[in-house]
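Have a look at the structure below, then the notes.
In this note's numbering, the protein residues as written are 19 to 357.
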């Protein structure tokens with residue numbers, strides 16, 4: 019009889035070969051191109067704002083007799099026209115970049131693969147851009163990492179927007195009567211009231227009596243974007259924060275947010291209804307993140323700071339006279355007149 023053959027474990031179960039996943043190649047040129055396009059579109063609309071502001075007209079006016087609804091031809095007539103948009107463009111781009119880089123840098127810190135910030139130019143919208151975003155393309159390995167990545171953007175954007183707000187309000191024009199603006203009337207969040215009181219005390223002019231400088235308008239856009247991102251639902255920054263605090267309550271809080279946004283869309287601003295629909299379409303489920311360990315007590319306090327930012331930047335009616343009821347009434351009235 020021959021001796022039994024002894025097979026070592028390494029021969030019976032050969033070690034698995036592990037290959038490091040290669041992240042997809044960055045198309046850096048695409049991000050640079052969209053960044054430059056957004057700089058250009060915000061320069062164009064900012065030039066119109068600055069021109070009207072210097073004429074002591076509402077900066078958000080769209081007077082067809084002077085520049086026209088679409089300011090591109092006017093802005094390109096002379097280089098000096100386009101350069102007028104630098105204060106607005108530089109301020110808004112810096113606020114948006116700070117927000118997205120807050121997310122991006124914390125992704126790098128936690129070893130999470132994310133794209134560079136992608137800016138979205140929009141030439142004929144009021145502010146020249148629809149914002150910016152990054153895409154996370156690898157798993158987030160802990161609730162603490164999810165929390166830090168989610169809250170870093172709103173805090174960074176809020177800080178830069180607050181600085182811009184103080185500067186912009188200090189150079190805005192106080193008017194003896196409410197500023198007439200038939201084109202657009204903005205609603206102001208609480209942070210504007212606070213900043214005006216800090217700057218001028220009890221002598222602060224009502225916000226309705228201020229002709230806002232384009233820098234202050236850029237700060238308003240930054241605050242508005244911060245509030246939108248902090249809505250506690252879905253995969254918004256606020257949704258990430260809620261999930262990192264309590265994964266089991268994320269779907270409930272998201273549903274409650276949608277439930278609140280629907281009547282706000284009807285009675286305050288039609289856009290809230292659109293956001294409710296987008297939250298519902300994007301799904302109530304959150305990407306899987308390990309449930310344990312939880313987040314630290316310090317992060318719970320930081321979450322309260324996030325709630326404070328939301329309360330300071332949120333306004334039920336960011337654009338006045340644009341509720342669902344009013345828009346529908348105007349549409350119905352227009353149809354009646356045309357028939």
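Note that beta-carbon positions come from the ideal geometry of N, C-alpha and C, so glycine has one too.
* Asked: Do the CB positions of residue 146 and residue 244 come within less than 8 Å of each other?
  -> Counted from its first residue, the chain shown places residue 146 at position 128. Counted from its first residue, the chain shown places residue 244 at position 226. The answer is no: Cβ separation not under 8 Å.
* Asked: The beta strand (DSSP E) with residue 150 in it runs from where to where?
  -> Locating residue 150 in the chain shown gives position 132, counting from the first residue. 147-151 is the span of the beta strand (DSSP E), which, as asked, contains residue 150.
* For the beta strand (DSSP E) holding residue 137, just list the boundary residues, first then last. => For the purposes of this step, residue 137 is identified with residue 119 of the chain shown, where counting begins at 1. Residues 136-139.
* Report buried or exposed for residue 326, applying the criterion of at least 16 other Cβ atoms within 10 angstroms of its Cβ. => Along the chain shown, read from residue 1 onward, the residue named residue 326 stands at position 308. Classification for residue 326: exposed.
* Under the criterion of a Cβ to heavy atom distance below 7 Å, does residue 256 qualify as lining the ligand MN? -> Here there are no bound small molecules, and the ligand MN is not part of this structure.
* For the alpha helix (DSSP H) that residue 241 lies in, which residues bound it at each end? -> On the chain shown, position 223 is the one that residue 241 refers to. Membership of residue 241 in the alpha helix (DSSP H) is indicated by the continuous run 232-247.
* Asked: Which residue from 286, 241, 284, 231 puts its Cα closest to that of residue 149?
  -> Position 131 of the chain shown, counted from the first residue, corresponds to residue 149. The candidate whose alpha carbon is nearest that of residue 149 is 241.
* Is there contact between the region 301-318 and the region 210-230, where contact requires at least three CB pairs shorter than 8 Å? -> Fewer than three beta-carbon pairs drawn from the region 301-318 and the region 210-230 are found closer than 8 Å, and the two stretches are therefore not classed as touching.
* **Start and end residues, alpha helix (DSSP H) containing residue 161** => Translated into the one-based positions of the chain shown, residue 161 becomes position 143. It spans 161-188 - the alpha helix (DSSP H) in which residue 161 sits, taken as one unbroken run.
* To do: Within its chain, find whatever has a CB closer than 7 Å to the CB of residue 208; leave out the 5 residues flanking it on each side and keep chain order.
  => Taking the chain shown and counting its residues from 1, the one referred to as residue 208 is at position 190. Within the same chain, residue 208 has close Cβ partners 329, 330.
* **Neighbour-count burial assignment, residue 85, 16 or more Cβ in a 10 Å radius** => If you number the chain shown from 1, residue 85 lands on position 67. Residue burial is scored here from C-beta neighbours: residue 85 has at least 16 other C-beta atoms within 10 angstroms and is therefore classed as buried.
* Asked: Hey, how far is the Cα of residue 313 from the Cα of residue 210?
  -> Position 295 of the chain shown, counted from the first residue, corresponds to residue 313. Position 192 of the chain shown, counted from the first residue, corresponds to residue 210. Distance between the alpha carbons of residue 313 and residue 210 is about 33 Å.
* Who pairs with residue 99 in a beta bridge, going by DSSP? -> Locating residue 99 in the chain shown gives position 81, where the first residue counts as 1. DSSP output for residue 99 lists no bridge partner at all.
* Quick check: the region 179-186 against the region 252-270, are there 3 or more CB pairs under 8 Å? -> Contact between the region 179-186 and the region 252-270 is absent, because fewer than three Cβ pairs lie under 8 Å.
* Secondary structure at residue 310, three-state DSSP: helix, strand or coil? -> Position 292 of the chain shown, counting from 1, holds the residue named residue 310. Coil.
* Asked: Helix, strand or coil: how does DSSP classify residue 271 here?
  -> The residue you call residue 271 lines up with position 253 of the chain shown. Under the three-state reduction of DSSP, residue 271 is assigned to helix.
* **Selected residue, minimal CA-CA separation from residue 272, among 284, 285, 295** => For the purposes of this step, residue 272 is taken as the residue at position 254 of the chain shown. Checking every option, the nearest Cα to that of residue 272 belongs to 295.
* Three-state secondary structure (DSSP) at residue 119? -> One-based indexing of the chain shown puts residue 119 at position 101. Helix at residue 119.
* To do: Could you check which residue in 335, 256, 237 has the C-alpha nearest to that of residue 110?
  => By 1-based counting over the chain shown, the position of residue 110 is 92. Looking from the CA of residue 110, the closest CA among 335, 256, 237 belongs to 237.
* **Candidates 123, 90, 134, of which the one nearest residue 47 by Cα** => Start at 1 with the first residue of the chain shown, and residue 47 comes out as number 29. Nearest option by C-alpha distance: 134.
* Using beta-carbon positions only, say whether residue 259 and residue 168 come within less than 8 Å of one another. => What you label residue 259 is simply residue 241 of the chain shown in a count that begins at 1. What you label residue 168 is simply residue 150 of the chain shown in a count that begins at 1. Yes.
* To do: Using only alpha-carbon positions, find the residue among 66, 138, 99, 77 that is nearest to residue 54.
  => Counting from one through the chain shown, the residue named residue 54 turns up at place 36. For residue 54, the closest of 66, 138, 99, 77 by C-alpha to C-alpha distance is 138.
* **Cα-Cα separation, residue 122 to residue 152** => Within the chain shown, numbered from 1, the residue matching residue 122 stands at position 104. Within the chain shown, numbered from 1, the residue matching residue 152 stands at position 134. Cα to Cα, residue 122 sits roughly 7 Å from residue 152.
* Asked: Would residue 106 pass as a contact of residue 232 if the rule is Cβ separation under 8 Å?
  -> Your numbering for residue 106 matches position 88 in the chain shown. Your numbering for residue 232 matches position 214 in the chain shown. Contact flag set, yes.
* Asked: Is it a yes or a no for the region 122-132 touching the region 87-96, going by three-plus beta-carbon pairs under 8 Å?
  -> These segments do not touch.
* Asked: Between residue 102 and residue 115, what straight-line distance do the alpha-carbon atoms span, to the nearest angstrom?
  -> Here the question's residue 102 lines up with position 84 in the chain shown. Here the question's residue 115 lines up with position 97 in the chain shown. Cα to Cα, the separation comes out at about 21 Å.
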